[in-house]
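If you want this note's numbering, it's the position in the sequence shown, counting the first as 1, plus 15.
Built from N, CA and C at the ideal position, the CB exists for glycine as well.
Predicted, not measured: the structure shown is a model, and the values here were computed from it.
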Amino acid sequence: MTVVASDGRTFKRDVDADNLKIGRSSRNDINLSFDLSLSRFHAELVRRDGKVYIRDVGSRNGTALNGSPVTDPVEIKSGDRITLGETTILFDVENEPRVALVDGPAPVLDSATVTIPLEDIISSPDHALLTRSAAPSAAASAAPEGSSPESRTLAVLTRAGMELINYRPLDEILDVIMDLVFEAIPAERGFLMLLEGESRELVSKVVRDLKKSYGGRISLSRSIARSVVDNRQSILTADAQSDERFKMKESIVLQGIHSAMCVPLWNNREVIGLIYVDTLHAARAFTPEDLRLLTLLANIAAVKIENAKLFEEQLTKQRMEKEMQQAALIQRKLLPLSVPQIDGYEVAGFNDPCREVGGDYYDYLERGPGRLGLAIGDVSGKGMGAALLMATIRASFRAHVQANHGILALISALNEAVLQSANSNNFVSFFYGELDSPSGQLEYVNAGHNPPILLRASGQVERLKADGLILGVFSGARYAQSRVTLERGDLLVAYSDGVTEMQNQPGEEFGEDRLIGLLNANQDRTASEVQELICSAIRAFAGSEPQYDDVTLLVVHRLP
Numbered sequence: 016m017t018v019v020a021s022d023g024r025t026f027k028r029d030v031d032a033d034n035l036k037i038g039r040s041s042r043n044d045i046n047l048s049f050d051l052s053l054s055r056f057h058a059e060l061v062r063r064d065g066k067v068y069i070r071d072v073g074s075r076n077g078t079a080l081n082g083s084p085v086t087d088p089v090e091i092k093s094g095d096r097i098t099l100g101e102t103t104i105l106f107d108v109e110n111e112p113r114v115a116l117v118d119g120p121a122p123v124l125d126s127a128t129v130t131i132p133l134e135d136i137i138s139s140p141d142h143a144l145l146t147r148s149a150a151p152s153a154a155a156s157a158a159p160e161g162s163s164p165e166s167r168t169l170a171v172l173t174r175a176g177m178e179l180i181n182y183r184p185l186d187e188i189l190d191v192i193m194d195l196v197f198e199a200i201p202a203e204r205g206f207l208m209l210l211e212g213e214s215r216e217l218v219s220k221v222v223r224d225l226k227k228s229y230g231g232r233i234s235l236s237r238s239i240a241r242s243v244v245d246n247r248q249s250i251l252t253a254d255a256q257s258d259e260r261f262k263m264k265e266s267i268v269l270q271g272i273h274s275a276m277c278v279p280l281w282n283n284r285e286v287i288g289l290i291y292v293d294t295l296h297a298a299r300a301f302t303p304e305d306l307r308l309l310t311l312l313a314n315i316a317a318v319k320i321e322n323a324k325l326f327e328e329q330l331t332k333q334r335m336e337k338e339m340q341q342a343a344l345i346q347r348k349l350l351p352l353s354v355p356q357i358d359g360y361e362v363a364g365f366n367d368p369c370r371e372v373g374g375d376y377y378d379y380l381e382r383g384p385g386r387l388g389l390a391i392g393d394v395s396g397k398g399m400g401a402a403l404l405m406a407t408i409r410a411s412f413r414a415h416v417q418a419n420h421g422i423l424a425l426i427s428a429l430n431e432a433v434l435q436s437a438n439s440n441n442f443v444s445f446f447y448g449e450l451d452s453p454s455g456q457l458e459y460v461n462a463g464h465n466p467p468i469l470l471r472a473s474g475q476v477e478r479l480k481a482d483g484l485i486l487g488v489f490s491g492a493r494y495a496q497s498r499v500t501l502e503r504g505d506l507l508v509a510y511s512d513g514v515t516e517m518q519n520q521p522g523e524e525f526g527e528d529r530l531i532g533l534l535n536a537n538q539d540r541t542a543s544e545v546q547e548l549i550c551s552a553i554r555a556f557a558g559s560e561p562q563y564d565d566v567t568l569l570v571v572h573r574l575p
């Protein structure tokens, strides 16, 4: 619904609760403190069984629906008009936009029309003098009656500078701009539109209608709008009744308009929208001086709009960065906080996301005396989406481990969890094994993950290859359980593809062969030393190239 104040100001509000109180008090859901004719608690909107009702709550001046007094609750329907004091609420007016761009004839010049290139106004010596003089510290806010056009322009620009110097949210700035326009120009209706999206479509942002022609449209020819935006022209017609560009035969509201202006919002780099005003007053047609003043005011407004957008984008970026930092901190706490101590073994783990958060995961947990669970996973994709799915996998993994499911049952349950939680293009490679420390026996399932490397003390290399599909492909996927024994002096390294696919400047990958060569040369090192050597090696290999993928390692060394 749209709330319309007595001065033509409008704002939108959804019926987003079952009960919305309306009135002058700040305790109302819809606070109309600007309308002194309202009671503190005037009326309420009630939503019940998919319908919306209006009810007066004993107000002093009453409530009307489409001109009829409201006593008992009355259902509101699309297109209805609620009147409370000097305020009007239009219900479900989104279906009929109050601003419409319609097809019309191409621009033509006649004695009633003035078209001025933007550059002729903005770059004029008078404009440079006026904008330098219109600093926020200037005193006058309005020129005395009968003063020169230059004094009037100076006063308006001074007022604009004073009003727009401080930061305001963008929506509020747009309202203030239209306030200034209606103070400076004797208009009765008008609107401000901004170019939005990749297609740069004109979108209505603020509409003013002092004549309160509710239910109709303010129409403007597309050719006028395109001429203003594309050709950077300010256009005035002193007789809209004879100007076919403004008088659209399908427009009801425009009948009776005597004068209209349309100017570009130019921020000194590009046009970002337009401002349109018109009047039905036959005795007060707009003048070329009005057109120049509106153009200069639109120039100041456009700069402020652009600055506000940049400021809000910066605030949004800072907020997102803060949220990402918090998310990264939370994610780090989801990874193991300490290294398990097992007689005869050394264990180390490492994770380095390529962004603030990532989709790689590793874990180890005690499964009973002398038994250790080892897990490593890699979610497809990067960033927040992958991190959220990783958190879901961790929670499901830990829950099923605590339930003492067997390894195969655990992997099958994780597969179903991924199917339920992820999009159709998200998958998870996962390796899980349980190590019996006295015997060195490792029972494991590899669901599509990079085969961990088992470097024997003799120098022989074995790969714990995948026994099944990655998680999240289809329900009921079958997996196979395998077994291998870690002998004394053996080294097991599980890793994500961010290790072997790390690239240098020519585009060459670090690769599995380099990783195996590094392990062979450092087989006698501790698990933590091996982990650090791998990280140092891939960073040195990449050089100045950025890290394109998460890097995760899980190292187990059985002491000789």
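The beta carbons of L349 and I320 sit about 43 Å from each other, so the pair does not count as a contact at 8 Å. Secondary-structure assignment with DSSP links L568 through a beta bridge to F365 and Y510.
Taking C-alpha positions only, E178 is separated from V278 by approximately 21 Å. Its chain contains F442, V443, S444, A462 and G463 as the residues whose beta carbon lies nearer than 7 Å to that of I485, once the 5 sequence neighbours on both sides are disregarded; these appear in chain order. By the CB criterion at 8 Å, T567 and D378 fall outside the cutoff. Residues V443, L486 and G487 of the same chain have their beta carbon placed closer than 6 Å to that of V433, with the five preceding and five following residues left out of the count. Shown here, L501 sits in coil according to DSSP, grouped into three states, outside any helix or strand. The beta carbon of P368 sits closer than 6 Å to the beta carbons of D565 from its chain, once the five residues preceding and following it are set aside; these are given in chain order.
Nearest to F365 by C-alpha distance, out of A115, H273, N46 and A542, is A542.
Residue I315 holds the alpha-carbon nearest to the alpha-carbon of L172 among I315, L185, Y360 and E338. The beta carbons of N76 and G100 sit closer together than 8 Å.
Here M335 is exposed. Its C-beta has fewer than 16 other C-beta atoms within 10 Å. Listed in chain order, the non-local C-beta contacts of D512 below 6 Å within the same chain comprise N465, local neighbours out to five positions each way being set aside.
Residue state for P184 is assigned as coil, using DSSP reduced to three classes.
Counting other Cβ atoms within 10 Å of its Cβ, Q248 reaches 16 or more and is therefore classed as buried. In the three-state DSSP reduction, N314 falls in the helix class (H, G or I). Q346 is classed as buried because its beta carbon has at least 16 other beta carbons within 10 Å across all chains shown. I200 and V292 have their C-alpha atoms roughly 9 Å apart. Secondary structure note for M276: its beta strand (DSSP E) is the uninterrupted segment S274 to W281. Sequence-distant Cβ neighbours of V286 in its own chain, meaning closer than 7 Å and more than five residues away, are V244, R247, P279 and L280. The Cβ atoms of G385 and D482 lie no closer than 8 Å to each other.
In the DSSP assignment, the residues bridged to G388 are L380 and E449. Contact annotation: the segment 468 to 478 does not touch the segment 415 to 434, with fewer than three C-beta pairs closer than 8 Å. By the Cβ neighbour-count rule, V571 is buried, with 16 or more other Cβ atoms within 10 Å of its own. Between D305 and the set E327, M276 and Q329, the nearest pair of CA atoms involves M276. Spatial neighbours of N81 in its own chain (CB-CB distance under 7 Å, excluding positions within 5 residues in sequence) are listed in chain order as D95 and R96. DSSP places I200 in no beta strand (DSSP E); its state is neither H nor E. At a Cβ-Cβ threshold of 8 Å, M517 and E524 count as neighbours. Spanning the alpha carbons of L457 and G396 requires a straight line of approximately 30 Å. Taking 8 Å as the cut-off, the beta carbon of V460 is found closer than this to the beta carbon of I426. Between L574 and Y360, the C-beta gap is smaller than 8 Å, which places the two residues in contact. Listed in chain order, the non-local C-beta contacts of A343 below 7 Å within the same chain comprise E371 and V372, local neighbours out to five positions each way being set aside. Under DSSP, Q518 takes part in a beta bridge, and its partners are E524.
In chain order, V362 and A363 place their CB closer than 7 Å to the CB of V354, counting only its own chain and leaving out the 5 sequence neighbours on each side. Under a 10 Å Cβ-count criterion, V196 is classified as buried, with 16 or more other Cβ atoms of the shown protein chains found around its own Cβ. The alpha-carbon separation between D190 and T515 amounts to approximately 56 Å.
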